[in-house]
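Undergrad: The sequence shown begins at 8 in the working numbering and counts up one residue at a time. Beta carbons are placed, not taken as given, at the ideal position from N, Cα and C, and that holds for glycine. Here the structure is a predicted model, which is why all the values come from computation and not from measurement. Below you will find the structure I want to go over with you.
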Amino acid sequence: MSACSAYNDEKGGSSNTGEPEYGHDPASGGIFSSDYKRHDDLKEMLDSNKDSLKLEAMKRIVAMIARGKNASDLFPAVVKNVACKNIEVKKLVYVYLVRYAEEQQDLALLSISTFQRGLKDPNQLIRASALRVLSSIRVTIIVPIMMLAIKEAASDMSPYVRKTAAHAIPKLYSLDPDQKDQLIEVIEKLLADKTTLVAGSVVMAFEEVCPERIDLIHKNYRKLCNLLIDVEEWGQVVIINMLTRYARTQFLNPNHNESLLEESAEKAFYGSDEEETEEKDEKEEVAALAKRKPYVMDPDHRLLLRNTKPLLQSRNAAVVMAVAQLYFHLAPKAEVGVIAKAQVRLMRSHSEVQYVVLQNVATMSIKRRGMFEPYLKSFYIRSTDPTQIKVLKLEVLTNLANETNISTILREFQTYIKSMDKDFVAASIQAIGRCATNIGEVRDTCLNGLVQLLSNRDELVVAESVVVIKKLLQMQPAQHSDIIKHMAKLTDNIQVPMARASILWLIGEYCEHVPKIAPDVLRKMAKSFTNEEDIVKLQIINLAAKLYLTNSKQTKLLTQYVLNLAKYDQNYDIRDRARFIRQLIVPTEKSGVLSKYAKKLFLALKPAPVFESPFKDRDHFQLGSLSHLLNAKATGYQELPAWPGMAPDPSVRNVEVKEAVPEWTKCSSREKRKEKVEKPFYSDSEGESGPTESADSESELPSEMESGGGSESEEGGSGSGSEESDEGSESGKEKKKKPEKIKVRKTLPESAESELSGEEEKRKRKERKASSESSSEEEEESSSESSSSESESEEESESEPETKKKKKISLSKPVPKQPKKEISLLDLDDFIPTPSPQVTPINNIVSNSLATDLQGLSLTDSALSPTMISPSFSSVKTYELLHRITGEGLAVEYCFSRQPYSLDPHMVAVQIQFSNNTDTEAKSLRIQEPKLMSGMRMQEFPEIEVLAPGETVTVVMGIDFCDSTQAANFQLCTQTRKFYVSIQPPVGELMMPVFMSENEFKKEQGHLMGMNEINEKLTMGEKCQSDHAIVQRVTSAANLSRVPCGSDREYRFAAKTVASGSLVLVTVVTKEGMAAQLTVNCEKMVIGTMLVKDILQALSQ
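The following block contains the structure:
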């Protein structure tokens, strides 16, 4: 017992053995304990003369605070030890005082002189702790003392004390806002600090006290950008958010000119077919746009983007999120993509982090959908995800849906509908509805899928489907009267009020489409009127009113009965509605003018509802902020400023270098060195403004000089960057191209050649220098700076010395007959003469016996080399690629040969036929700058060296369309001109035939049911009477093979898509007369929908 009582004494509880112990555990009802002996042992230890006992007591007290226990009654005993000589004790006393100084202000004020002495202590930790305690005493009387302490600490030698001073500034400001002016002086002083420890804290103080004083940041902007990588993580978050707002006020919008350039490029491209007068106007517009100074990214803007990019690899999710929002709000469109991968990485973190990240991704994916498309599978939903995460992922998937990936996304949604989480199922059905409204091709498929869900056992699934179908049917009700009838039958089974109300609204709104069913539904509803929910009752009254106006014979008595029931309903809304409708539809002597317009009021055409993302307008809040998360302005939120119309003066950020500070001098010299390096780097990609140059049909020398463009700029553009990539990835193609260009070079006079070689040496020396300097730069600079390069290069080209221009003129003199072609001579110095390699025929590689077997597959070298392939052009439908007027005598046509492409089986073979209708030779026919959608690839044809006048030549190229009908855009180049062209495949050319038996066909068809099956009824055309005609029409519309079938009235066809190998099964069943039914089963729903349209058109003609 003695041990037990001793233990109780030590703990400060009652020592009575008979009574239970209360009060030590906060959960055990401490309100009944006696507190007069509490913590006595700790008080004795604090009063002792031994430092070891004091230290032990303080450790126990701090441990109590850490566990959340109240130690405020020990304040007098602890505060006495603030003058203790032992540093360890002193530190812990200050930790305690910071916690309780605000609660026990009177006692804390008694020892204020001790805190002031602590501010002069030689130990930096004590000085910082004393300032921290002083700023925690929330009494206005000591504001002058605090102000003085903060000013002294701001000049302290220790960065840790200066950091604490920065932390004390917001505390003092909240206590006495009148001190703002003095505090701003301190902030200005601390902002000039060069240590990473202080930077984050002082920016936090700046944000709290004077966020509007942007002028304080000007001189420190570059320093903050350069220190950013070494600041602690939470400081990085604060600085990045502040710099985002600063940049929005100081720099121009990098994406402002994009839309203007795109418009001008389109005009230049389409204007070529029109009359000469219009052509001149358009040329003037293009010239004006070229003269207008293009967007130049401010070097400070680039500095910020470059220095924040490495932080995307930070371990702290908040830092990554801050950089992501900075890039989203500030970076050029071409560079924003880098943040996608970092955010997808964060989604492997805890669900709380995922929630915040997905909120931001959902907002970003509305404006920058392409950025997240490659990571589509990262947003697939796991069964372990919480509901709020599932709903956000659904939101992102819906935002990313487009024609190419919709079939994959809808397949995912089909799986989600089987989930046990009811809220998630409802959100999935809503997502299907949004996909259907956004992508017209799959609307019918989605509608059919949702109608199938109406037979689901789960009532919630059925109810949500009804609500979504109601919205979809509003878009085209006339085509879907069957679905309205089907839904009318569900009124007996569905009990969810919202779903019942939706069905009744649909029947009332489109009662003319179901004239027989609507009165019967009203009859059933009148029976159960008194038992229905209020929302359903209102719709029953509406249905009765609409039927009374359209079909009063059958429904007059029913309507009166329903209105009488509603007249005595408990809910005043329903009573009011009944009274209002009775006056409106049943004309009496008292009823006013409105009753004449009752039909217009009730049966007016209503606009179809728009399914909009809840994240649509959230980007006006700064991403990653609490306001963005809540979609409401939170306290203390700083608005994101709009971009300025004119660029503010960049010289405000220039800093005078003082010799006394060697660190800053180093930094500034490094800046200058970087700026020097940037200049040749920018000028490299000078010729990227393709459309505006190629739109000019004139290529005379003076105009070329003025624009500073021509082939020289183009060569600069492809100088180091594109040449390296070509060597890396397409070295074989490069070798083929080189000898063909050398033949042209040999025809030059010696004088021109010698001048050329001199020019070439200079260029190569420059390029070597530029590449060696730029290699020291960070790797990402090469990709990011290309967008802002055009402007600087233009300035540089204008400031070129006159000698260079004279050299150009002298170059053209030896070739007087061809003034236009002197431009292309400058292209030649990229190539080194090598022996001309022959295109090896495949027969030489394959063994003789195998070669004879493969002869029928046309795998000879004719597939690769430019030769005549006229028979296939006559038998297959051809399309125009370049009109002979647009092409200045060069006509180009293409067709889909339906042959396997020999170099890559996943590519569609496209035959291209060139015809030269001029009197001069066309030289160097080739493809440049293919602009393809993500996932698409292109295998270019070998360059055609010379095409004689009147000659025609055919080549084969391969394009992987990635199972989409998106166009492949590229430049078709001759020696002197560039033409922007595009090849868009019909859906039937994206597949190749598959040979299968009848049983295999039926088995595969069984796997592709539900949403993967599309049925359409049609009436055959007059010419589609015979078997041969039907087969011929179907196979001409799509590259399908016939599957044997036992029935005379059934025709089956099979194919698979070239890119992914997805099966496509087509069945045509003829019926009595000219009627027929077409069924297409395909895993890719978009392809299935488009194929149905094409075959319907072919058979009904």
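Could you have a look at Tyr987 and say whether DSSP puts it in helix, strand or coil?
TA: strand
Undergrad: Unbroken alpha helix (DSSP H) runs of length 4 or more, entirely within the segment 517-586: which are they?
TA: Entirely contained in the segment 517-586, the alpha helix (DSSP H) runs reaching 4 residues are, in chain order, 524-534, 541-557 and 559-574.
Undergrad: Determine the direct distance from the alpha carbon of Cys442 to that of Asp237, and round the result to whole angstroms.
TA: 45 Å
Undergrad: Note down, in chain order, each residue of its chain lying with its Cβ closer than 7 Å to the Cβ of Lys938, except the 5 sequence neighbours on either side.
TA: Asn976 and Phe977
Undergrad: Using a 10 Å radius around the Cβ and a threshold of 16 neighbouring Cβ atoms, would you call Glu516 buried or exposed?
TA: Counting Cβ neighbours within 10 Å, Glu516 comes out buried, since at least 16 surround it.
Undergrad: Using a Cβ-Cβ cut-off of 8 Å (strictly less than) and excluding sequence neighbours within five positions of Tyr253, which residues of its own chain qualify?
TA: Ile221, Ile224 and Tyr228
Undergrad: Would Glu722 be called buried (16 or more neighbouring beta carbons within 10 Å of its own) or exposed?
TA: Confidence at Glu722 is low in this model, with a pLDDT of 39, below 50, so its placement is unreliable and the value that follows should be read with caution. Counting the other CB atoms within 10 Å of its CB gives Glu722 a total of 16 or more, which places it among the buried residues.
Undergrad: Between the alpha carbons of Gly1028 and Ser1048, how many angstroms are there, rounded?
TA: The alpha-carbon separation between Gly1028 and Ser1048 amounts to approximately 22 Å.
Undergrad: Would you call Asn1006 buried or exposed, if buried means 16 or more other Cβ atoms sit within 10 Å of its Cβ?
TA: Burial check for Asn1006: the Cβ neighbour count within 10 Å stays below 16, so the residue is exposed.
Undergrad: Taking C-alpha atoms, which residue in Phe986, Arg355, Arg1059 and Cys969 lies nearest to Phe1008?
TA: Arg1059
Undergrad: In angstroms with no decimal places, state the Cα-to-Cα distance between Arg582 and Ser620.
TA: 36 Å
Undergrad: Using only the alpha-carbon positions, how far apart do Asp541 and Trp241 sit?
TA: 53 Å
Undergrad: Can you name the residues that DSSP bridges to Cys902?
TA: Thr885 and Gln918
Undergrad: Identify whether Ile446 lies in helix, strand or coil by the three-state DSSP scheme.
TA: coil
Undergrad: Quick one: complete alpha helix (DSSP H) runs, 4+ long, within the segment 1025-1079?
TA: 1034-1044
Undergrad: Enumerated in chain order, which unbroken segments of the alpha helix (DSSP H) with a length of 4 residues or greater are wholly contained in the segment 949-1026?
TA: 1005-1014
Undergrad: Which residues bound the beta strand (DSSP E) around Ser931?
TA: Ala929 to Lys938
Undergrad: CA-CA distance, Asn248 and Tyr387?
TA: 31 Å
Undergrad: Which term fits Gln459, buried or exposed, when burial requires 16 or more other beta carbons within 10 angstroms of its beta carbon?
TA: exposed
Undergrad: Can you tell me whether Arg944 is helix, strand or coil according to DSSP?
TA: DSSP places Arg944 within a strand segment (E or B) once states are collapsed to three.
Undergrad: How would you label Val600, buried or exposed, when you count the other beta carbons within 10 angstroms and need 16 or more for buried?
TA: exposed
Undergrad: Let's see if you can read the secondary structure: which residues bound the beta strand (DSSP E) around Asn1088?
TA: Ala1082 to Cys1089
Undergrad: What residue range is occupied by the uninterrupted alpha helix (DSSP H) comprising Trp241?
TA: Glu240 to Gln257
Undergrad: Within 10 angstroms of its Cβ, does Val1186 collect 16 or more other Cβ (buried), or is it exposed?
TA: Lying before the first or after the last residue shown, residue 1186 is absent from the chain, which here runs from 8 to 1108.
Undergrad: For the segment 1015-1030 against the segment 960-977, do three or more pairs of beta-carbon atoms, one drawn from each stretch, fall closer than 8 Å, so that the two count as touching?
TA: Output reads no: the segment 960-977 does not touch the segment 1015-1030.
Undergrad: Tell me the residue span of the alpha helix (DSSP H) that contains Tyr604.
TA: Tyr604 -> no alpha helix (DSSP H), and no H or E assigned at all.
Undergrad: Per DSSP, what kind of secondary structure is Pro381 in: helix, strand or coil?
TA: helix
Undergrad: Rounded to the nearest angstrom, what separates Ala331 and Asn409 at their Cα positions?
TA: 24 Å
Undergrad: Hey, how far is the Cα of Lys523 from the Cα of Asn500?
TA: 20 Å
Undergrad: Once DSSP output is grouped into helix, strand and coil, what is the label at Leu511?
TA: helix
Undergrad: Are Glu214 and Val193 close, meaning C-beta to C-beta below 8 Å?
TA: no
Undergrad: Since Gly1095 is in the alpha helix (DSSP H), which residue starts that stretch and which ends it?
TA: Start and end: Met1092 to Ser1107.
Undergrad: What first and last residue would you give for the alpha helix (DSSP H) that runs through Lys97?
TA: Ile94 to Tyr107
Undergrad: For Val89, which residues of its own chain have a beta-carbon under 6 Å away from its beta-carbon, when the five flanking residues on both sides are left out?
TA: Val100, Ser118 and Thr121
Undergrad: Can you give, in chain order, each stretch of the beta strand (DSSP E) that sits fully within the segment 626-669 and has at least 3 residues?
TA: Taking 3 residues as the minimum length, the segment 626-669 contains no beta strand (DSSP E) run wholly inside it.
Undergrad: Assuming contact is defined by CB atoms lying nearer than 8 Å, are Pro393 and Ser356 in contact in what I supplied?
TA: no
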